[in-house]
Every structure is written in structure tokens, then in C-alpha cells.
Amino acid sequence: MINQREIIETLNMIDNQHLDIRTITMGISLRNCAHPDPEICAQKMYDKITKYAENLVKTGEDLEREMGIPIINKRISVTPIAIAAESCETEDYTIFAKALDKAAKECGVNFIGGFSALVQKGFTIGDRRLISSIPEALACTDFVCSSVNVGSTRAGINMDAVKLMGETIKKTADITKDRDGFGCAKLVVFCNAVEDNPFMAGAFHGVGEPECAINVGVSGPGVVYNALKGIKGEPFDVVAETIKKTAFKITRMGQLIACEASKRLGAEFGIVDLSLAPTPATGDSVARILEEIGVEVCGTHGTTAALALLNDAVKKGGVMASSSVGGLSGAFIPVSEDEGMIAAAEKGTLTLDKLEAMTCVCSVGLDMIAVPGDTSAETISAIIADEAAIGMINNKTTAVRIIPAPNKTVGDSIEMGGLLGTAPVMPVHKESSFDFISRGGRIPAPLNSLKN
Amino acid sequence: MNAIITVVGKDKVGIIAGVCVALEKINVNILDISQTVLQNMFTMNMLVDIKNANVDYAKIVEALDKEGERLGVSIRIQKEEIFDAMHKI
Numbered sequence: 011m012i013n014q015r016e017i018i019e020t021l022n023m024i025d026n027q028h029l030d031i032r033t034i035t036m037g038i039s040l041r042n043c044a045h046p047d048p049e050i051c052a053q054k055m056y057d058k059i060t061k062y063a064e065n066l067v068k069t070g071e072d073l074e075r076e077m078g079i080p081i082i083n084k085r086i087s088v089t090p091i092a093i094a095a096e097s098c099e100t101e102d103y104t105i106f107a108k109a110l111d112k113a114a115k116e117c118g119v120n121f122i123g124g125f126s127a128l129v130q131k132g133f134t135i136g137d138r139r140l141i142s143s144i145p146e147a148l149a150c151t152d153f154v155c156s157s158v159n160v161g162s163t164r165a166g167i168n169m170d171a172v173k174l175m176g177e178t179i180k181k182t183a184d185i186t187k188d189r190d191g192f193g194c195a196k197l198v199v200f201c202n203a204v205e206d207n208p209f210m211a212g213a214f215h216g217v218g219e220p221e222c223a224i225n226v227g228v229s230g231p232g233v234v235y236n237a238l239k240g241i242k243g244e245p246f247d248v249v250a251e252t253i254k255k256t257a258f259k260i261t262r263m264g265q266l267i268a269c270e271a272s273k274r275l276g277a278e279f280g281i282v283d284l285s286l287a288p289t290p291a292t293g294d295s296v297a298r299i300l301e302e303i304g305v306e307v308c309g310t311h312g313t314t315a316a317l318a319l320l321n322d323a324v325k326k327g328g329v330m331a332s333s334s335v336g337g338l339s340g341a342f343i344p345v346s347e348d349e350g351m352i353a354a355a356e357k358g359t360l361t362l363d364k365l366e367a368m369t370c371v372c373s374v375g376l377d378m379i380a381v382p383g384d385t386s387a388e389t390i391s392a393i394i395a396d397e398a399a400i401g402m403i404n405n406k407t408t409a410v411r412i413i414p415a416p417n418k419t420v421g422d423s424i425e426m427g428g429l430l431g432t433a434p435v436m437p438v439h440k441e442s443s444f445d446f447i448s449r450g451g452r453i454p455a456p457l458n459s460l461k462n
Numbered sequence: 003m004n005a006i007i008t009v010v011g012k013d014k015v016g017i018i019a020g021v022c023v024a025l026e027k028i029n030v031n032i033l034d035i036s037q038t039v040l041q042n043m044f045t046m047n048m049l050v051d052i053k054n055a056n057v058d059y060a061k062i063v064e065a066l067d068k069e070g071e072r073l074g075v076s077i078r079i080q081k082e083e084i085f086d087a088m089h090k091i
């Protein structure tokens, strides 16, 4: 029998350290839903999603009850709509967003991702139509998430898409201004987007994926934080070992739930995403882990090194615990969703520039950041370009989820509610990037040798 | 199929008896018990076999919740797999 100490350790992680399964995401291919008539195509999408994901929420709840571990979110990702709907004879893709939203509500999930386009090398007709529909689609739906991939290490960066996404983010903020630009919280711009990511808002079911797959994202910043509290003053080798061991235990939960969920739902087991995903709850913060490692406030000198160690150790520990690792896998640093990040940003220690540096060594990128409402589309595009360049050169996924909060300025904050949290409005550089963004074209793919 | 039951709460007379009777009623077999009282806090872990239970899992949870409420302690049941997954390689 498992000994008492081990039982208590597990219960402590769940009860006091916010250990949970962050999401079970069912990826569903919509490639066979194509039809020239948009109404029929949307109906086919709705029917397929509701059929495949009919028992997703119930299965999640059953597992939660049986295993005694909270499963916070049940979600769905679908084939990028720019591909699935491309054969439809319509300019306006909001009809598909509405179908996805309706299907999400019918299934009882809290987000559905895949209102997406992959344009790293150029646009197709469907890509252009989808991107122009994003603001309206995000405004008229509740649960639909959108993402656009504008660059990759193999293709370079599509600067026309970067320009377009700056404008799209501004439009989305404007059209949802009664909710502080909330639409932008559901819109991610990627470089090197992954096809099996279970986390929102960037989840979509890639074209190389099977018909239906279960991808699971674990969480556990609180558990890592508490483990580190026990080794104050110890050298970094001990810190790395402790994080690895903790990540292993957390990931084993994810592996168990992913195997069981895929078996019960008759879907393929896709991947376990090893990310440390924070929430706004006290004690569930990645920033506080960095502070426990030794930086006084997240964002001060040393933060990037601490994050690099954390991110690497999480992966090393997690890889052995799962038979299939994928998704974004790393430490997330979404500002509004992390109590410690919010505090550090409000204090002014954590700046946009420091966050950008941090994204070089951790999962994803500039995430859930509010900037002043008068930030120009070109400045937002330039922020996206910088972030995409980091991803392209370093062969990693980077993303920008930024909210130019309408009528808000530095010192204000916006309230997103729930897991999305509170975002303090952070300052951006005032100097213009207009000429830079106006050039358009493509930044060529980088050389992958002669590394310096 | 095995599960772990954890009982935590203020110590008093009859906690083990109450839990055992509740389990007998639903035909859940006890395989192992480990129990201690630390600073007046009663802590017990039980390994049980629920294969022959005469009710489904949700009803087992319900029965234990009800008994926990009566005894003024927290009773939780979780499948053994979660502990095995975390602590065994």
C-alpha cells in the first residue's frame, strides 16, 4: 500500500498548493466539413463537434470525482477555420465562429479554439477572409478563441501579416471597448505555433493531427513554489533537482488523466503539455517561484536566469513522466493571470522589455498584457515582430496576446474576470515604428548554423 | 478495483466504527488501515476494494460524505491509481 506520507503529500498538493489538471482539450478535425454553402458547412461543423465532444465534460467530471483531483477546464480545439471553411462561398466567416460558439455551449466547455489561420509564408483566400472576420467573430461570440501564425523558423516572418494583425488587434479592442477590449484576450499571434497545444487562447487542431485527440495540460506553480520553500539558500543544482522531481509528480497526474480520458472518450491520446500555468489565485504564481529562487521582485536582474532554470527543469522532470509530451511545455508568464506578475508590473519592476527578454527562455511569449488604448496599430505590430523574431531565431514558439485597453492609460487596470484575471496597463515606448511596419514583405528564414 | 479513503478531523469516539459500518452497508471491503492521532487530529488512510460494491462510484462518494457529515470529519475517496501514478515509477 502507498504509505501515509505519500498520501498526505498528494492531498496537500491538491488541497493547499493548487495542484490541478488545468485542461482536458479535445482536438477535433473539421476537414471533412467543407461545403460551398456556408450554412451547410457551419451546420456540419456544429454537428461533428457536438457528436465527438458530447461526453467530454461528463468524462472530465467523472474523472475529477474518482481521482479526487480538480480538472479546471474542458475545452475543444478544431482544425483552423481558414482551412476548414475555405471552400465556402462567403466573405464573412463569423457564421463559423457562431457555429463553434453554439457547439461549445451545447457541449458545456468553456472555450473552443481554432478560429485560426496559418500565414507564415503567405495568405490564401480563406486566410484573408478569416483574419478580416476576427474582430466581429470575437465580439459576437463568448467562447471562441482565435490565433494566427505569422512566422516560423523555416519560413521566416510574414511582415504583411504582422501589420495586418496589429490592425486586427486594434479593431478587436475597439469593437469590444464596452468590455475593456476583452476580445483581444481571446486572440493570439504566434510564431512557430504548435499543432497540439491544449491551452487557450492559442489552441487549434493542426493539419497533421488525427481525427480526434485528447491533449492534457497540467498545472502546479503552487506545488513547485512550496517545494522550493523547503530548500532556502541551497545551491542551484539543488533547486533544479527539486523542480525536476516536483514536475515529474505533477506530470504523472496529467499522464494518468490523459490516458484515462482518451480511453473513455474513444479518442487518441495526443500529448501531455508540461506547462506551469499560473492563475490569479494567491499561491499559484510563476512570479512567486522566481522570487523564491532569489530575486526580490519578479522583473529585476536575475529574473531571466531564474526563469531559464525553472523552464528547463520543468521539462526535464516532466519528460520522463509522460509517454508523449507536446504542446507548449514550459513556464507560462501571462501577466494578468499571475498574482505575482500583476504585483511586479504594478510596482514597475516588471516591464514590457524585461518580459520580452524572459520570453527568450520560457514557454510562449508576451501574454495577457494590457497597454494604453492609444497605442498605435504599428506599435502593436512592431511588438509582434520583435516577439516573432525571438521565436524564429531561437527555434521556439512565441506568441503575443496583447490588449490595447480602450480609454485606459498607464496606472489603470482592466478586469477580465475568472482565470484571465486583472491586467495593469503597462507603458510602451512612445517612439514610432511606422516606417518599419509599412515596409511589408517577408523577413527571410534564418540560418541555422554559425550560431552566435 | 482499489481506492484510498482518507479521513481527517477532530478525534472522538466511534470514527473508525462509523466509517466501517458505512462501508459494510455498500459492500466495500477494507484491505488495510493506517491510523494515527496527532495533536488531537484524527487521521486515517484505508485501502479498500470497491469491485463488489453494491452501488456505483458516485453513490459511494455520497455515502461517505453523509457519514463524514454525521461524524464531523472529512472523508474522501480516490482511486488508488492517482497515488500510484505520483509515487511509483
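If you're matching them up, the sequences are chains A and B in order.
Here the first sequence stands for residues 11 to 462, numbered as in our numbering.
Here the second sequence stands for residues 3 to 91, numbered as in our numbering.
The beta-carbon is built from N, C-alpha and C at its ideal position, and this holds for glycine as well.
Keeping to the same chain, check which residues put their C-beta closer than 7 Å to that of A:Met-330; ignore five residues upstream and five downstream. Phe-258
Practice item. Please decide whether A:Gln-27 counts as near chain B, where near means a Cβ-Cβ distance under 9 Å. Key: no
| query | Alpha carbon to alpha carbon, what distance is there between A:Ile-82 and A:Glu-96? | reply | Rounded to the nearest angstrom, the two C-alpha atoms are 34 Å apart.
Cβ-Cβ separation, A:Val-158 to A:Val-217 (assumed contact under 8 Å), whole Å:
No, A:Val-217 and A:Val-158 are not in contact; Cβ-Cβ is about 15 Å, not under 8 Å.
- request: List the endpoints of the continuous beta strand (DSSP E) containing B:Val-9.
  value: 4 to 12
* Asked: Closest by CA to B:Asn-4, which one among B:Met-88, B:Lys-61, B:Ile-17, B:Ile-84?
  -> Proximity to B:Asn-4 across B:Met-88, B:Lys-61, B:Ile-17, B:Ile-84 peaks at B:Ile-84, based on C-alpha coordinates.
In three-state DSSP terms, what is A:Ala-95?
coil
Notebook entry, point to check: Can you give the Cα-Cα distance for A:Cys-308 and A:Ala-109, rounded to whole angstroms?
Noted result: 41 Å
Problem set entry | Closer than 9 Å to chain A by CB, B:Asp-86 | yes
- Query: What whole-angstrom Cβ distance do A:Gly-328 and A:Asp-206 have, given they're in contact under 8 Å?
  - Reply: About 15 Å separates the two Cβ atoms, so there is no contact after all.
Q) Could you give the distance in angstroms between the alpha-carbon of A:Phe-444 and the alpha-carbon of A:Thr-389? A) 7 Å
- Query: Given that B:Val-9 touches chain A, what residues does it touch there, using C-beta distances under 7 Å?
  - Reply: Result: empty, since nearest Cβ-Cβ is about 11 Å, beyond 7 Å.
Could you tell me whether any non-hydrogen atom of the ligand GDP is closer than 8 Å to the CB of A:Asp-348?
Among the components modelled here there is no ligand, and therefore nothing to report on the ligand GDP.
Alpha helix (DSSP H) segment containing A:Cys-269, residue limits = 246 to 275
* To do: Count the other CB atoms, across all protein chains shown, that sit within 10 Å of the CB of A:Lys-181; report buried if there are 16 or more and exposed otherwise.
  => buried
Q) Among residues of its own chain, excluding the 5 on either side of A:Asp-422, which ones have a beta-carbon nearer than 6 Å to its beta-carbon? A) Val-435
**Asked** Excluding the five sequence neighbours on either side, which residues of its own chain have a C-beta within less than 6 Å of the C-beta of A:Asp-294, listed in chain order?
**Response** His-28, Pro-231, Gly-232, Pro-288
* **chain B contact residues for A:Gln-130, given Cβ-Cβ distances below 9 Å** => None at all; the shortest Cβ gap to chain B is about 38 Å.
Q) Under a three-way DSSP split, which group does A:Ala-213 fall into? A) coil
* **C-beta neighbour in chain B for A:Met-210, strict 9 Å** => no
>> On the CB-based measure, 16 or more other CB atoms within 10 Å of its CB, does A:Pro-80 come out buried or exposed?
In response: Under this definition A:Pro-80 is an exposed residue.
How many angstroms separate the CA atom of A:Leu-21 from the CA atom of A:Ile-86?
-> 29 Å
Residues of chain A with CB closer than 9 Å to the CB of B:Ala-24, please, in chain order.
The contacting residues do not exist; B:Ala-24 stays about 18 Å from chain A at best.
Practice problem: Could you tell me if B:Gly-74 is buried or exposed, where buried requires 16 or more neighbouring beta carbons within 10 angstroms of its beta carbon? | Solution: exposed
Check your understanding: Any idea what DSSP makes of A:Ala-63, helix, strand or coil?
Key -> coil
TODO: Give the DSSP-derived three-state secondary structure of A:Pro-382 in the structure shown.
DONE: It is a strand residue.
message = Strictly by DSSP, which residues pair up with B:Asn-31?
response = B:Asp-51
_In this structure, how does DSSP classify A:Cys-479 when only helix, strand and coil are distinguished?_
Nothing can be reported for residue 479 of chain A, as the shown portion of chain A is limited to 11 through 462.
Can you find a C-beta in chain B that's less than 9 Å from the C-beta of A:Gln-53?
no
Cβ neighbours of A:Cys-201 in the same chain (closer than 6 Å, five flanking residues each side left out): Gly-161, Ala-398, Gly-401, Met-402, Thr-408
(message) For the stretch 26 to 58 of chain B, list every residue whose C-beta sits within 7 Å of some C-beta in chain A, in sequence order.
(response) Asp-34, Ser-36, Asn-47, Leu-49
ask   = Closer than 9 Å, CB to CB, is A:Leu-21 near chain B or not?
value = yes
Segment limits, beta strand (DSSP E) that includes A:Ser-162
Taken as a continuous stretch (DSSP letters only), the beta strand (DSSP E) holding A:Ser-162 covers 154 to 162.
Check your understanding: Name the chain A residues whose beta carbon is nearer than 9 Å to that of B:Arg-72?
Key -> Correct list: empty, because the minimum Cβ distance to chain A is about 21 Å.
Do the CB positions of B:Val-9 and B:Val-21 come within less than 9 Å of each other?
-> yes
Which of helix, strand or coil DSSP assigns to A:Glu-16: helix
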